[in-house]
Amino acid sequence: MKMMPKLLVANWKSNPHNVASAIKLAKFLDKKGIVIAPPYPFLEQVGKAVKYAELGAQDIFWEDVGPYTGEVSWRHLNNLKVKYVIIGHSERRKYLNETDELISKKVSAAIKNGLKVVLCIGEPAFIRKRGIKKAKEFVKKQLIRDLQGLHTTYNMLHTNLIIAYEPVWAISTEKGSKPDRPEDTVEMIAFIKKLLHTTYHIPKPKVLYGGSVTAKNAKDFLQEDTIDGALVGAASLKAKEAKKIINIAKDF
Ligand code: PGA
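Residue numbers are given in numbering that gives the first Met the number 0: position 179 of the sequence shown equals residue 178, and the series is strictly consecutive.
Here it is as structure tokens:
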């Protein structure tokens with residue numbers, strides 16, 4: 000039986016250099032089932048350049064409009080056809096000291112205002128070294144804290160919340176990084192889904208994997224029914240490699 004199509008989210012982070020390169024790459028990756036998350040200043044042009052791919056932002060502020068210098072709210076994103084927003088990426092937790100409390104405000108604001116949230120969670124290396132049981136405990140606490148304030152029966156939560164399990168040590172730009180073992184990913188994602196199901200009553204939780212996904216290993220993750228797709232960073236910036244990953248995802 001064919002499962003739900005896999006979702007691929009291209010997290011371009013602070014790349015590429017200019018809008019012309021962003022448009023070129025976006026056109027190359029323009030397929031159904033793909034979410035492209037470029038830097039804010041490129042959102043409008045990338046949105047105009049694509050026909051099939053959907054648009055994602057890499058962050059959001061929790062308030063509406065007002066005196067919040069430098070911040071971008073759901074209302075601004077609504078103007079740009081943005082459907083998805085990545086929240087709680089480990090780089091923002093690390094470089095901007097984003098806390099679970101702050102992340103939970105962003106998640107609530109985005110969900111309540113109709114955006115699909117890709118909430119990134121995952122344990123750091125020192126936790127994983129203590130074993131997968133400890134990693135699960137960490138992930139559970141992080142998830143519960145990041146979702147605090149959201150009503151468990153809130154309808155939008157069921158359709159608009161997507162989790163990206165991204166163990167921090169697996170992100171390609173981390174020192175000594177390596178992808179997770181797909182069997183461990185499946186175990187962790189099954190654990191996260193069970194938690195979302197029992198605690199938040201989400202009937203069919205959607206959970207992606209992120210961390211050093213490449214054209215070489217994409218099949219190992221995407222062929223697993225438990226894994227609903229991938230959040231792809233570095234490889235999503237390399238046109239040919241990204242296209243290969245898109246083609247692999249189509250098979251499942
Ligand atoms: P990576 O990044 O694919 O380069 O490991 C993933 C991410 O940080 O979202």
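Note that beta-carbon positions come from the ideal geometry of N, C-alpha and C, so glycine has one too.
Q: Use the C-beta contact count for Val106: other C-beta atoms within 10 angstroms, 16 or more gives buried, fewer gives exposed.
A: For the purposes of this step, residue 106 is identified with residue 107 of the sequence shown, where counting begins at 1. With 16 or more other Cβ atoms within 10 Å, it is buried.
**Q.** CB-CB length for Ile35 against Gly55, believed under 8 Å
**A.** The count along the sequence shown starts at 1 and reaches residue 35 at position 36. The count along the sequence shown starts at 1 and reaches residue 55 at position 56. Confirmed, about 7 Å.
Q) Which residue comes first and which comes last in the beta strand (DSSP E) that contains Asn14? A) Residue numbering aside, residue 14 sits at position 15 when the sequence shown is read from its first letter. Counting along the chain, Asn14 falls outside any beta strand (DSSP E), and DSSP gives it neither H nor E.
(Q) Please classify Ser20 as buried or exposed, where buried requires at least 16 neighbouring CB atoms within 10 angstroms. (A) In the sequence shown, the residue the question calls residue 20 occupies position 21. So Ser20 counts as exposed.
Q) Which full runs of the beta strand (DSSP E) of 3+ residues lie inside the stretch 7 to 83, going along the chain? A) 33 to 36 and 53 to 56
Q) For Ala189, which of Lys203, Lys93, Lys177 and Val18 has the nearest alpha-carbon? A) Here residue 189 refers to the residue found at position 190 of the sequence shown. Closest option to Ala189, Cα to Cα, is Lys203.
Q. Taking 6 Å as the cut-off, does the CB of Asn10 come closer than this to any heavy atom belonging to the ligand MN?
A. This structure does not include the ligand MN; its bound ligands are the ligand PGA.
Q: Run the proximity test for Gly210: is its beta-carbon closer than 6 Å to any non-hydrogen atom belonging to the ligand PGA?
A: Taking the sequence shown and counting its residues from 1, the one referred to as residue 210 is at position 211. Yes, the beta carbon of Gly210 sits closer than 6 Å to at least one heavy atom of the ligand PGA.
Q. Do three or more CB pairs link the stretch 124 to 134 to the stretch 79 to 89 at distances below 8 Å?
A. no
Q) Are the beta-carbon atoms of Ala233 and Ser171 separated by less than 7 Å? A) Position 234 of the sequence shown, counted from the first residue, corresponds to residue 233. Position 172 of the sequence shown, counted from the first residue, corresponds to residue 171. Their beta carbons are under 7 Å apart, which means Ala233 touches Ser171 by this criterion.
Q | Segment contact, 8 Å Cβ cut-off, at least three pairs: the stretch 238 to 250 with the stretch 15 to 30 | A | yes
**Q.** Buried/exposed call for Phe60, threshold 16 Cβ in 10 Å
**A.** Translated into the one-based positions of the sequence shown, residue 60 becomes position 61. Per the 10 Å Cβ criterion, buried.
Q | N-terminal and C-terminal residue of the beta strand (DSSP E) that Val116 is part of | A | Looking up residue 116 in the sequence shown gives position 117. Counting along the chain, the beta strand (DSSP E) containing Val116 begins and ends at Lys115 to Ile120.
(Q) Closest to Met3 by C-alpha separation, out of Glu186, Tyr51 and Val206, would be which residue? (A) Looking up residue 3 in the sequence shown gives position 4. Considering only alpha carbons, the answer is Val206.
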